[in-house]
Each structure stands twice: as structure tokens, then as C-alpha cells.
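Colleague:
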Amino acid sequence: MNRAALIAVLAAAACGAPQGKLTSEREAAGTRLDTTQRGGEIALGRAAVERTVRDERIKVQAARLELDRAIDEGDGHDDALPVKLAVLRADITARASFVAQLELCLTDASECPPSLDEPTIPKEYDATTGDFTTAIRPVASAWPATAGQIEAAACGCRTGACVQWVTADLDRWEAALPGDAQADDAAVEHVTGARACLWSRLGKRAHRVNPDDSAATAE
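The sequence shown begins at 0 in numbering that gives the first Met the number 0 and counts up one residue at a time.
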């Protein structure tokens with residue numbers, strides 16, 4: 000191979016394709032397989048997961064500092080302070096749980112969430128009442144796909160408000176669907192995954208959370 004061709008090959012390997020996909024990482028890393036120590040491929044891409052862990056841990060630490068500052072500045076006369084502290088603690092718990100799941104994902108691909116995207120709470124959800132301004136039209140044949148979307152949203156939650164929204168959304172779908180539709184195997188798997196993520200984001204599931212991330216929840 001001449002020098003010009005070699006430079007072209009090295010340049011292509013260095014640039015690669017966009018990060019976050021297993022195929023692009025294989026192309027960029029040559030023979031390095033994107034697998035965990037327990038086996039199984041990280042479909043989300045190891046580099047993308049590691050980058051998200053790093054970014055989210057920074058946000059957890061920033062939230063802990065904000066909580067500490069709110070506690071220090073509280074004078075005992077602010078009636079809204081208890082609510083503010085509760086929201087901050089719920090957010091720290093949820094985000095630390097998300098980080099913990101990604102850390103597990105790096106060692107066990109079966110623990111990976113469906114997506115790294117953080118969902119956006121829709122405007123039709125009223126956080127004050129827990130109700131929706133729009134009605135759903137449950138269709139049994141579409142439920143497995145809808146359940147998959149709900150699972151992705153649940154596992155992408157990083158705030159207490161997100162957990163409340165997804166829980167309310169899942170509850171209303173299950174209340175509206177006939178039992179035979181809920182028994183669909185794919186839908187059951189998605190709902191189980193969604194409930195597991197929601198439960199952990201509330202701090203009610205054992206996770207190997209870094210003590211520095213979760214300490215604020217015990218204050």
C-alpha cells in the first residue's frame with residue numbers, strides 16, 4: 000500500500016461514522032467488539048453509554064450542590080422550601096438510578112435501557128392534577144408498540160416529574176385496555192421493563208448506585 004493510500008485508510012478509521020451505534024464503533028475500532036464482560040453486545044454503543052454516564056454524573060453532582068445550597072439558605076420561613084427540597088431529592092434519586100442502570104449496562108447488556116434519549120413531558124399532562132387533557136383511543140393491536148414507547152420513556156426518565164408522568168400514562172393505558180390485549184407477550188415484557196425502571200427511579204429497587212450520587216436522598 001502506498002503512502003497516500005495508507006493516509007486515506009488511517010483518516011477514515013479516525014473519523015469513522017457517528018458515535019452511538021454498534022456498527023459505527025466496530026468500523027472505527029477495527030476488531031474491538033463492543034461487548035460486556037458477561038457477554039452480549041451493547042446495542043446502544045459503549046462509547047455513547049460511557050459518555051452519557053459521564054455527563055449524567057456531572058448533573059447529579061450539580062443537583063446535589065443545589066440541594067445543599069437550598070438547605071443552607073433556608074431560613075425556616077419559606078413555606079415552599081419543603082416542596083423544593085422534595086423535588087430536588089426526587090430528581091437526584093431518579094438521575095442517580097439512571098446512571099446506575101447505565102453502569103450495569105456496561106457490564107451486562109441485558110441491563111441496558113431501550114434508549115439513551117431523555118423523554119419530554121407532553122403539554123397535555125397536568126403535573127398538578129396528574130391528569131391528561133387528551134383522551135387515548137386504545138387499540139389492542141397497537142398496544143405492544145405503545146407499551147414499547149412507554150418503556151423507553153420510563154427508562155429514559157431522569158426526574159421525579161418524568162416518573163410521575165410515565166406512571167400516570169401507563170396506568171391509564173392499562174385501565175382502558177381489555178385483559179386479552181394486556182396479556183400479549185411483547186406488551187407484557189415492555190410493561191414489566193417500564194415498571195422496573197419506574198420503580199428504580201423512585202429509589203425503591205436495589206441498584207449499585209455510587210454513594211456520592213445517592214447521599215442526598217437520605218438527608
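Glycine residues also receive a C-beta, built at the ideal position from the N, C-alpha and C atoms.
(1) Using a Cβ-Cβ cut-off of 7 Å (strictly less than) and excluding sequence neighbours within five positions of Q181, which residues of its own chain qualify?
(2) Please name the residue in A186, A185, D179 and E117 whose C-alpha comes closest to that of C299.
(3) How close, in whole Å, do the beta carbons of W142 and A186 come, if the pair is a contact with beta carbons under 8 Å?
(4) Below 8 Å between beta carbons: does that hold for I120 and C154?
(5) What does a CB cutoff of less than 8 Å around D125 pick up in its chain, not counting 5 residues either side in sequence?
(6) Shortest alpha-carbon distance to E40 belongs to which of D168, V59, R56 and T106?
(7) How would you write the range of the alpha helix (DSSP H) that I70 sits in, first residue to last?
(8) At least one CB of chain D closer than 8 Å to the CB of V162: is that the case?
(9) Taking the alpha carbon of R171 as the point to measure from, which residue in G202, T145 and A99 has its own alpha carbon closest?
(10) Which value, in whole angstroms, describes the spacing of the CA atoms of L84 and A69?
(11) Helix, strand or coil, according to DSSP, for D107 in the structure here?
Modeller: Reading it off the structure:
(1) Counting from one through the sequence shown, the residue named residue 181 turns up at place 182. Correct list, in chain order: E173.
(2) Any question about residue 299 goes unanswered here, given that the chain covers just 0 to 218.
(3) Taking the sequence shown and counting its residues from 1, the one referred to as residue 142 is at position 143. Taking the sequence shown and counting its residues from 1, the one referred to as residue 186 is at position 187. At roughly 5 Å, the Cβ-Cβ gap stays under 8 Å, so W142 and A186 are in contact.
(4) Reading the sequence shown from its first residue, position 121 is the one you call residue 120. Reading the sequence shown from its first residue, position 155 is the one you call residue 154. At the C-beta level, I120 and C154 stay beyond 8 Å of one another.
(5) On the sequence shown, position 126 is the one that residue 125 refers to. Correct list, in chain order: F131 and T132.
(6) The residue you call residue 40 lines up with position 41 of the sequence shown. Per the C-alpha coordinates, the member of D168, V59, R56 and T106 positioned closest to E40 is T106.
(7) On the sequence shown, residue 70 is found 71 positions in, with the first residue counted as 1. That run of the alpha helix (DSSP H) goes R45 to E72.
(8) Among the chains of the structure shown, chain D does not appear; only one protein chain is present.
(9) By 1-based counting over the sequence shown, the position of residue 171 is 172. Of G202, T145 and A99, the residue nearest in Cα terms is T145.
(10) As a first step, residue 84 is located in the sequence shown; it is residue number 85 there, counting from the start. As a first step, residue 69 is located in the sequence shown; it is residue number 70 there, counting from the start. Using only the alpha carbons, I get a separation of about 7 Å.
(11) The residue given as residue 107 occupies position 108 in the sequence shown. DSSP places D107 in coil when its eight states are reduced to three.
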